[in-house]
Amino acid sequence: MTPKTIATILKDAQIGKEITIKGWVRTKRDSKNVIFININDGSTIKNIQAVVVPTDIEESIIHQVVTGAGVAITGILTPSQGSGQDVELLASHIIVYGTADPEKYPLQPKKHSLEFLREIAHLRPRTNTFGAILRIRHALAYAIHQFFNERGFFYLHTPIITGSDAEGAGEMFRVTTLDPKNPPLNDKGAVDYKEDFFGRETNLTVSGQLEGELGAMALGKIYTFGPTFRAENSNTARHLAEFWMIEPEMAFYELEDNMDLAEEFLQYLVKYALDNCSDDIAFLEKRLLDEEKSLKKEEQSPLPLREKLHFVVNNSFKRLTYTEAIKILENSKPNKKGQFKYPVSWGTDLQSEHERYLVEKEFNAPVILTDYPREIKSFYMKQSEDGKTVRAMDVLFPGIGEIIGGSQREEDYDKLIKRVDEVGIDHETIWWYLETRKFGTVPHSGFGLGFERLVLFVTGMKNIRDVIPFPRTPKSANF
Ligand code: ATP
Ligand code: MN
301 MTPKTIATIL KDAQIGKEIT IKGWVRTKRD SKNVIFININ DGSTIKNIQA VVVPTDIEES
361 IIHQVVTGAG VAITGILTPS QGSGQDVELL ASHIIVYGTA DPEKYPLQPK KHSLEFLREI
421 AHLRPRTNTF GAILRIRHAL AYAIHQFFNE RGFFYLHTPI ITGSDAEGAG EMFRVTTLDP
481 KNPPLNDKGA VDYKEDFFGR ETNLTVSGQL EGELGAMALG KIYTFGPTFR AENSNTARHL
541 AEFWMIEPEM AFYELEDNMD LAEEFLQYLV KYALDNCSDD IAFLEKRLLD EEKSLKKEEQ
601 SPLPLREKLH FVVNNSFKRL TYTEAIKILE NSKPNKKGQF KYPVSWGTDL QSEHERYLVE
661 KEFNAPVILT DYPREIKSFY MKQSEDGKTV RAMDVLFPGI GEIIGGSQRE EDYDKLIKRV
721 DEVGIDHETI WWYLETRKFG TVPHSGFGLG FERLVLFVTG MKNIRDVIPF PRTPKSANF
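Take the sequence shown: its letter number 189 is residue 489 in this note's numbering, and every next letter is one higher.
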């Protein structure tokens with residue numbers, strides 16, 4: 301029989317019944333005539349405490365019940381005598397599946413640094429912090445599918461191996477089966493990819509958007525939700541080399557519709573987490589407060605985690621154009637005092653420090669910036685009448701900066717081709733994409749949400765390496 305999870309046991313609270321819990325020992329504490337064993341099975345942040353009377357259980361078994369051991373404990377569920385829990389288990393039988401050498405088990409019942417935990421990513425899901433993060437991550441993934449399903453979007457599986465490098469020239473991971481020591485060469489002396497597995501150069505995708513647009517041109521509203529890969533050497537707390545992205549793409553949506561959807565989507569997801577992950581979020585809120593105690597006031601989060609999340613759910617996002625934002629930044633105090641690391645002027649890309657100034661200082665709310673200079677945005681974005689800007693939108697979040705990047709797409713074939721040629725993309729690699737503008741082209745829009753940036757926001761964590769089970773970053777792909 302499959303065991304009930306601790307989450308279910310605590311919910312049902314069937315006092316007086318004999319039950320079996322299976323999980324891992326978090327702590328073991330000897331008291332006068334009893335031993336207290338705290339078990340966690342991952343189903344919830346809550347443990348169940350088993351109370352063992354040493355005379356009831358063989359000593360050799362009790363000896364193996366140590367922090368980290370995998371066990372099954374059977375007993376009667378009773379109201380707890382002690383504080384800290386409502387129920388506890390009076391143990392009558394224990395099976396130890398596997399003990400854990402206390403000298404060697406890295407996860408001692410004490411606080412470990414996040415840096416240390418990254419080195420033991422195979423075990424860190426067993427900590428309260430990572431258990432909470434991974435359950436929230438799951439809940440958000442589920443909510444994403446639910447949100448789109450409720451609204452008539454179809455989940456489209458776009459390819460992970462791609463032959464187009466239209467989006468991310470220079471920052472892609474090559475996919476090849478050629479021998480790196482002895483690749484076949486063509487008559488010009490260059491590597492002959494015709495002999496490679498796919499008969500051409502291929503890479504891991506940086507975005508499913510281009511294929512997503514093909515889906516939207518047939519199914520109306522689609523979304524992708526898959527892994528994306530960027531070999532950008534930016535060792536920041538917001539970038540991974542492998543991350544997950546959600547990319548909806550909608551026929552007949554213009555920029556305003558796109559913004560409305562992005563705002564509704566983010567608010568829905570944050571609300572879903574608040575409604576369904578309250579124990580885990582409460583734990584992370586407390587963790588963050590403890591963590592930030594030692595920081596200076598201005599480095600602390602302005603709001604406790606749950607208040608921050610409620611704020612996003614209950615307040616509409618501030619919408620303004622890039623041009624308006626630049627004016628605000630130019631006149632801002634940090635700019636006048638030379639406190640920005642990167643200068644601001646019309647035409648330059650906004651850096652994270654600028655985005656965060658707008659969100660955290662100027663508006664104190666999530667911000668959607670639109671109508672960016674065409675030179676700093678992708679070739680497929682819809683060109684505006686002014687000839688200078690494109691119908692782009694970035695959603696900026698407190699503590700994060702950019703969480704969503706999107707746009708209305710250029711649906712006019714001639715304008716698109718002109719831009720493709722200006723930026724120097726080979727028609728051959730995206731002929732299929734260009735054909736959508738020849739056969740029944742319609743206005744359409746879409747955006748990309750970085751899943752880990754969302755999880756960062758909801759969990760209040762500060763480093764993106766701590767919100768994905770097994771992070772991939774420059775010089776690091778362990779586990
Ligand atoms: P940034 O300027 O932060 O590098 P970007 O402009 O490269 O972002 P897009 O190409 O628009 O981002 O991708 C859409 C979304 O994917 C971003 O808004 C962000 O949430 C997420 N994202 C982009 N790059 C990464 C990365 N390396 N790791 C994790 N998430 C990312
Ligand atoms: Mn980037």
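The beta carbon of each residue, even a glycine, is placed where N, CA and C say it ideally should be.
Sequence-distant residues of its chain with Cβ nearer than 7 Å to residue i (five each side left out)
i: Val788; result: Residue 788 lies beyond the stretch modelled for the chain, which goes from 301 to 779, so this question has no answer here.
i: Leu504; result: Ile460, Ile461, Met472, Phe473, Val475 and Phe529
i: Leu485; result: Val491 and Asp492
i: Gly431; result: Gly342, Ile345 and Pro425
i: Gly687; result: none
i: Lys762; result: Ala537
i: Lys637; result: none
Own chain, CB closer than 6 Å to residue i, minus 5 neighbours either side, in chain order
i: Ile668; result: Met559, Phe617, Arg619, Met693 and Val695
i: Asp579; result: Ile345
i: Pro402; result: Val366
i: Met517; result: Thr736
i: Gly370; result: Trp324, Tyr397 and Gly398
i: Arg719; result: Phe679
i: Ile768; result: Glu752
i: Ser652; result: Gly701
i: Tyr622; result: Leu669, Asp671 and Tyr672
Boundaries (first-last residue) of the beta strand (DSSP E) holding residue i
i: Ser632; result: Premise fails: Ser632 is in no beta strand (DSSP E) and is neither H nor E.
i: Val690; result: Thr689 to Phe697
i: Leu335; result: Just to set this straight, residue 335 is Ile in the shown sequence, not Leu. Residues Ile335 to Asn340.
i: His393; result: Val387 to Gly398
i: Tyr672; result: Val667 to Pro673
i: His412; result: First-last for His412: undefined, no H or E at that position.
i: Ile373; result: Gly370 to Pro379
i: Glu735; result: That residue, Glu735, is in no beta strand (DSSP E); its alpha helix (DSSP H) goes Trp731 to Glu735.
i: Thr621; result: Lys618 to Thr621
i: Phe747; result: His744 to Gly750
i: Ile362; result: Element bounds for Ile362: not the beta strand (DSSP E) but the alpha helix (DSSP H), Glu359 to Gln364.
i: Gly701; result: Gly701 to Gln708
i: Leu504; result: Thr502 to Leu504
i: Val351; result: Ile348 to Val352
Cβ pair residue i, residue j closer than 8 Å
i: Pro602; j: Leu589; result: no
i: Leu414; j: Ile319; result: no
i: Tyr657; j: Leu510; result: no
i: Phe525; j: Ile626; result: no
i: Ala421; j: Phe663; result: no
i: Leu555; j: Arg691; result: yes
i: Gly375; j: Ala391; result: yes
i: His744; j: Glu513; result: yes
i: Gly463; j: Arg435; result: no
i: Glu388; j: Ile348; result: yes
i: Asn535; j: Thr729; result: no
i: Ala551; j: Gly520; result: yes
i: Ile373; j: Ala400; result: no
Residues of its chain near residue i, where Cβ-Cβ distance is below 8 Å and the 5 sequence neighbours each way are ignored
i: Ile362; result: Ile335, Val352, Pro354 and Ile394
i: Gly748; result: Ser507, Gln509, Met545, Ile546, Glu547, Ile704, Gly705 and Gly706
i: Thr427; result: Leu407, His412 and Leu417
i: Ala582; result: Arg606
i: Tyr642; result: Thr648, Gln651, Glu653 and His654
i: Arg451; result: Lys521
Residue environment, residue i, which counts as buried when at least 16 other CB atoms sit within 10 Å
i: Arg329; result: exposed
i: Glu710; result: buried
i: Gln314; result: exposed
i: Val755; result: buried
i: Gly515; result: buried
i: Ser645; result: exposed
i: Gln683; result: buried
i: Phe543; result: buried
i: Ile676; result: exposed
i: Gly750; result: buried
i: Gly760; result: buried
i: Asp312; result: exposed
i: Glu358; result: exposed
i: Gln708; result: buried
i: Asp766; result: buried
Unbroken alpha helix (DSSP H) run spanning residue i, endpoints
i: Phe453; result: Premise fails: Phe453 is in no alpha helix (DSSP H) and is neither H nor E.
i: Gly515; result: Gln509 to Leu519
i: Phe543; result: Element bounds for Phe543: not the alpha helix (DSSP H) but the beta strand (DSSP E), Glu542 to Ala551.
i: Asn614; result: Leu605 to Asn614
i: Trp324; result: Not the alpha helix (DSSP H): Trp324 falls in the beta strand (DSSP E), residues Glu318 to Asp330.
i: Ile717; result: Tyr713 to Val723
i: Val570; result: Leu555 to Asn576
i: Glu653; result: Ser652 to Arg656
i: Thr308; result: Ile306 to Asp312
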